[in-house]
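Asker: Residue numbers (full-length UniProt numbering): 1 to 791.
Each residue gets a CB set at the ideal place from its N, CA and C atoms; glycine is no exception.
Got a structure for you, written out below as structure tokens; questions coming shortly.
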Amino acid sequence: MPMLTDPSQKYKGYTPLNLTDRKWPSKTLTKAPIWLSTDLRDGNQALANPMTIEQKTVFFRELVKCGVKQIEVAYPAASDTDFMFVRGLVENNEVPDDVWIQVLTPAREDLIRRTIDSVAGCKKAILHMYNATSPTFRNVVFRNSKEKTIELAVEHTKLVRRLTEECTAKYGTVFKYEYSPETFTQTEPDFALEVCEAVKAAWGKAGTGEDRIIFNLPATVEIAPPNHYADQIENFCNKISEREKVIVSLHPHNDRGTGIAAAELGQLAGGDRVEGCFFGNGERTGNVDLVNLALNLYTQGIHPGLDFSDIQTAIDTVTQCNDLPIHPRHPYAGELVFTAFSGSHQDAIKKGFEAQKIKHAEAAAKGEPQYWDIPYLPIDPADLGQNYEAVIRVNSQSGKGGIAYLIKQHLHLDLPRKMQIAFYQVVQAISDREAREMTVDDITTAFRTTYHFGGPKYQGRLALRNFKISTEPSEDPADESEETPDERRRFDGTLAVDGVYRVIRGDGNGPLSALLDALRVHLDIDLTIRDYTEHSVGEGKDVKAASYVEVVPAGDRKSAQSWWGVGLDSDIAGSGLRALLSAVNLAIGDRPLPELKLSVGFNARSGQADISSVIVNSLGLELPRRLQSAFFEVAQRAAGETGGEISLGALTELFQSTYGFHPSGTADNRLALGNFKLEHIGEGGRRQFIGDVVVDGEKRSITGEGNGPLSSVLSALHSFVSGTLTIREYSEHSIGEGAEVNAASYVELTYEVSELKKTRAWGVAVDNDITASGIKAVLAAASKLDLVLKN
Ligand SMILES: CC(=O)SCCNC(=O)CCNC(=O)[C@H](O)C(C)(C)COP(=O)(O)OP(=O)(O)OC[C@H]1O[C@@H](n2cnc3c(N)ncnc32)[C@H](O)[C@@H]1OP(=O)(O)O
Ligand SMILES: CC(C)C(=O)C(=O)O
1 MPMLTDPSQK
11 YKGYTPLNLT
21 DRKWPSKTLT
31 KAPIWLSTDL
41 RDGNQALANP
51 MTIEQKTVFF
61 RELVKCGVKQ
71 IEVAYPAASD
81 TDFMFVRGLV
91 ENNEVPDDVW
101 IQVLTPARED
111 LIRRTIDSVA
121 GCKKAILHMY
131 NATSPTFRNV
141 VFRNSKEKTI
151 ELAVEHTKLV
161 RRLTEECTAK
171 YGTVFKYEYS
181 PETFTQTEPD
191 FALEVCEAVK
201 AAWGKAGTGE
211 DRIIFNLPAT
221 VEIAPPNHYA
231 DQIENFCNKI
241 SEREKVIVSL
251 HPHNDRGTGI
261 AAAELGQLAG
271 GDRVEGCFFG
281 NGERTGNVDL
291 VNLALNLYTQ
301 GIHPGLDFSD
311 IQTAIDTVTQ
321 CNDLPIHPRH
331 PYAGELVFTA
341 FSGSHQDAIK
351 KGFEAQKIKH
361 AEAAAKGEPQ
371 YWDIPYLPID
381 PADLGQNYEA
391 VIRVNSQSGK
401 GGIAYLIKQH
411 LHLDLPRKMQ
421 IAFYQVVQAI
431 SDREAREMTV
441 DDITTAFRTT
451 YHFGGPKYQG
461 RLALRNFKIS
471 TEPSEDPADE
481 SEETPDERRR
491 FDGTLAVDGV
501 YRVIRGDGNG
511 PLSALLDALR
521 VHLDIDLTIR
531 DYTEHSVGEG
541 KDVKAASYVE
551 VVPAGDRKSA
561 QSWWGVGLDS
571 DIAGSGLRAL
581 LSAVNLAIGD
591 RPLPELKLSV
601 GFNARSGQAD
611 ISSVIVNSLG
621 LELPRRLQSA
631 FFEVAQRAAG
641 ETGGEISLGA
651 LTELFQSTYG
661 FHPSGTADNR
671 LALGNFKLEH
681 IGEGGRRQFI
691 GDVVVDGEKR
701 SITGEGNGPL
711 SSVLSALHSF
721 VSGTLTIREY
731 SEHSIGEGAE
741 VNAASYVELT
751 YEVSELKKTR
761 AWGVAVDNDI
771 TASGIKAVLA
781 AASKLDLVLK
791 N
């Protein structure tokens, strides 16, 4: 049947109360009401499968944990399960001393008796009796007159008094009495009052404070807007006699979807207590949601007396016990309620957090409250034990702000605005292509992959292995113009280029321009930096620098096309260089790069770096800069006869023979290391070398002291070497990883014997022990010198 064109022929509107002096509209809520959870009664009776005793027990404990002090635990006369559940609570001492358990009964003697039996022995119980009072119920359900309706309530109230007193006398249980004129909102207001007055008189012992009688005024079915409910409550509160001896309890249902409003307006109108269920379970559209009401108060700065610091556990417990899901949009509890998908919301939230951080710092400094003021978020999710991860979620409706927020939250990177736009396009493309929500993981992975950020797993075609920035005097000392700095920076470093190591060198005004120069010279990559920013990440000794670089094609600073990159390093120069390489990786895409060419001809600047590239690739040795130059000269001389031509294999062999190096450590040197030990001498770092050195095939046991391992070896060598050996340069690095790691050492020695000129030689060695590697490098270098031995 379709909807009626004239519904007035089928549905009657409510009859408004003509309150001439209603007060509630101009009031505000200032304190929390008494809360009564009826999850285990009104909520339970509305379930297709009512809860088991175990489920009710778990639920009861959660209610207690959240701070509910009055809990309607059952309709004990309904079933053995309900009865036994209440008995279990009592007998197992489940009820804390400050909690009242409440039990509901109709106005029927047998059921009242069983209900009181259920709580016998409990410390504190509220006996709740009801009978419906509205015309329809009187006429249709009970077929009762008004008088008979009052009589039913009065007689059974007297019975309740007698039986509860007996129970108190026998078991010590303290009782409160609650009476509900069920269907109150559909009952003539004066008749509802008349019934309650009669019940109060029959109870006969309503007092003040703890002795107040509770009159529950249910919107059994919500049939009118919430202002009407408020009028009904205010009217009742004004007219009931001995108001101070009465607790007015509100029991809204949600048939019109205004249960929350009804409860809030009802409190303004005088309601002292609110009965409802967590997350709004209950008959039909549910009872009023206590969590919602409590948190509404909380967001007005009023503590509700309930604690939802761990709302997720409450959600999990309630949904598991009720077997009903919570709608994703449910106030405070739905999984999407702290989530923003749309770009403008995300942008506002991100800006809100940034602005609030500053405002809070200012307020903290002045000792003022730090008010929550975030667009689109009425409550701080953290107060409910929720984290911010869910706040911003990304799909095709999202904008750069939200994505940047997630990157900041998860990677601690505060992307510059233009880079936000660039990365937004990356995420948009993925989101459009895959037509789905992007998780935080998707976004951070997209970021890492795009910018080659976050370790070897995300490494790009160009990856920085090591570098050194040195200061060089400006090339043209005659140029005294202000633009030309006195000093220039030199970048010396090793890159992995498509998996092959390349030693590169470049000069510039700063580290980044020096790297750009090196890239241009060695790899034909010609770019210019258009934008650069940086910020610190973390604090104290763990602080790192994050850098962001935008590059454009060289000579085209206004280019429409640009590439951003990001770098993070404990060293600011390292972070900038990494950011630049990150941008360069994007810029080169998959364009082929020039392969390593060996050019050892004179004046070939790239040649020096290129032969170092051969050594790092063939032997894993990252030569110190002066050794690079030294070997370049050796290579040039060796290749002199072939016009600069030399094969990669020949170059590697030349290196090994020149520096007495063999990767296995078994170089055929004039001096070789035998067994040795190094001992600490005295308090300082002084050492004593005691060991065997094989010289020209003959073992010599020598000792020597020095400030460190290498100087003690030199001192020992002087026991059979005439003249003076000195270490001019020493450096080392690791080769390999994990258990396979070795140390590579480079030593340059100078040697001076009287009347002979000073000579120098490099030695290189690798060993799994760093000290042995250094000593072997000393002996390798010494082997290359014309040592004069003492007799
Ligand atoms: C608005 C509310 O939520 S009220 C609470 C509702 N909750 C429940 O009903 C859940 C528990 N109920 C039950 O398990 C059962 O209804 C019982 C055990 C209480 C009673 O079961 P039964 O005796 O089989 O009766 P039934 O369920 O048919 O109840 C209807 C009878 O109770 C009477 N009745 C209904 N409400 C009340 C009341 N508050 N006081 C006295 N009698 C009542 C009806 O008039 C009817 O009487 P009749 O049989 O003489 O016509
Ligand atoms: C028993 C009463 C209070 C009831 O649950 C209702 O009217 O909804």
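State whether the segment 210 to 222 contacts the segment 244 to 257, with contact taken as three or more CB pairs (one from each stretch) at a distance under 8 Å.
Answerer: Counting Cβ pairs under 8 Å, three or more are found: they touch.
Asker: What does the alpha-carbon distance come out to for the pair I315 and K357?
Answerer: So the alpha carbons of these two residues sit roughly 30 Å apart.
Asker: DSSP beta-bridge partners for K170?
Answerer: Answer by DSSP bridge pairing: none, since K170 is not bridged.
Asker: Helix or strand or just coil, what does DSSP make of A496?
Answerer: Three-state result, A496: strand.
Asker: Give the range of the beta strand (DSSP E) segment to which Y532 is assigned.
Answerer: Segment 527 to 537, the beta strand (DSSP E) holding Y532.
Asker: Do the segment 216 to 233 and the segment 185 to 193 make contact, defined as three or more Cβ pairs closer than 8 Å?
Answerer: With a cut-off of 8 Å, the segment 185 to 193 and the segment 216 to 233 count as touching, because enough Cβ pairs lie within range.
Asker: For the beta strand (DSSP E) that contains D767, what are its first and last residues?
Answerer: Residues 759 to 767.
Asker: Tell me whether N287 sits in a helix, a strand or coil according to DSSP, three-state version.
Answerer: N287 falls in the strand class under three-state DSSP.
Asker: From the DSSP output, which residues share a beta bridge with K677?
Answerer: K677 is bridged to I690.
Asker: Quick one: Cα of R162 to Cα of E234, how far?
Answerer: Cα to Cα, the separation comes out at about 32 Å.
Asker: Measuring only the C-alpha atoms, how far is D414 from D441?
Answerer: Their Cα atoms are separated by approximately 18 Å.
Asker: Give a single yes or no on whether P50 has its beta carbon closer than 7 Å to a heavy atom of ligand 2.
Answerer: Answer for P50: no, Cβ out of range of ligand 2.
Asker: So the candidates are V174, S180, K558; which of them puts its Cα closest to the Cα of T149?
Answerer: Measuring from the Cα of T149, the nearest candidate turns out to be S180.
Asker: Taking only the alpha-carbon atoms, compute the straight-line gap between E487 and G385 and give it to the nearest angstrom.
Answerer: Their backbone Cα atoms lie some 56 Å apart in a straight line.
Asker: Given 8 Å as the limit, is there contact between the segment 56 to 67 and the segment 298 to 318, that is, 3 or more CB pairs closer than that?
Answerer: Yes: the two stretches touch, three or more of their Cβ pairs being nearer than 8 Å.
Asker: Beta-carbon separation of V788 and G723 under 8 Å?
Answerer: Taking 8 Å as the Cβ cut-off, V788 and G723 qualify as a contacting pair.
Asker: Does DSSP classify I775 as helix, strand or coil?
Answerer: Here I775 sits in helix by DSSP.
Asker: How big is the Cα-Cα spacing for T771 and E732?
Answerer: Computed Cα separation, rounded: 10 Å.
Asker: Out of D82, A261, R108, state which residue places its alpha-carbon closest to the alpha-carbon of D24.
Answerer: For the record, residue 24 in the displayed sequence is Trp; it is not Asp. Selected option, being the one with the closest Cα: A261.
Asker: Taking buried to mean at least 16 other C-beta atoms within 10 Å of its own C-beta, is I311 buried or exposed?
Answerer: Buried, because 16 or more other Cβ atoms sit within 10 Å of the Cβ of I311.
Asker: Which word fits K757, buried or exposed, when buried means at least 16 other C-beta atoms lie within 10 angstroms of its C-beta?
Answerer: Exposed: under 16 other Cβ atoms inside 10 Å.
Asker: Hey, is the segment 35 to 42 in contact with the segment 275 to 283, meaning 3+ C-beta pairs nearer than 8 Å?
Answerer: Verdict: yes, contact present.
Asker: Between the C-alpha atoms of I646 and S612, what's the straight-line distance to the nearest angstrom?
Answerer: I646 and S612: Cα-Cα distance of roughly 14 Å.
Asker: Taking only runs of the alpha helix (DSSP H) that begin and end inside the segment 27 to 114, which ones reach a length of at least 4 residues, in chain order?
Answerer: Counting whole runs of 4 or more residues, the segment 27 to 114 contains the alpha helix (DSSP H) stretches 53 to 65, 80 to 91.
Asker: What residues match up with N707 in a beta bridge as DSSP calls it?
Answerer: The partner list for N707 (beta bridge, DSSP) is empty, contrary to what the question assumes.
Asker: Out of curiosity, what's the CA-to-CA distance linking V391 and I349?
Answerer: C-alpha separation (whole angstroms): 9 Å.
Asker: Could you name the residues of the same chain whose beta carbon sits closer than 7 Å to that of A630, not counting the 5 residues immediately before and after it, in chain order?
Answerer: Same-chain partners within the cutoff: W762.
Asker: Go ahead and pull the three-state DSSP assignment for G276.
Answerer: Strand.
Asker: Can you say whether R393 is buried or exposed, counting buried as having 16 or more other CB atoms within 10 angstroms of its CB?
Answerer: It counts as buried.
Asker: Would you report the Cα separation of residue 793 and N44, rounded to the nearest angstrom?
Answerer: As displayed, the chain neither begins before 1 nor continues past 791, which places residue 793 out of reach and without an answer.
Asker: Alpha carbon to alpha carbon, how far is N669 from K699?
Answerer: Approximately 13 Å, taken between the alpha carbons.
Asker: Using the Cβ count rule (16 or more neighbours within 10 Å means buried), how would you classify A74?
Answerer: A74 should be labelled buried.
Asker: Please report the straight-line C-alpha distance between S425 and D383, rounded to a whole angstrom.
Answerer: First, the amino acid is wrong: residue 425 is Gln here, not Ser. Approximately 34 Å, taken between the alpha carbons.
Asker: Quick one: is K558 buried, meaning 16 or more other Cβ sit within 10 Å of its Cβ, or exposed?
Answerer: Classification for K558: exposed.
Asker: Please give the ranges of any alpha helix (DSSP H) in the segment 355 to 411, keeping only runs that are unbroken, at least 4 residues long and fully inside the region.
Answerer: For the segment 355 to 411, whole alpha helix (DSSP H) runs of length 4 or above, ordered along the chain, are 400 to 411.
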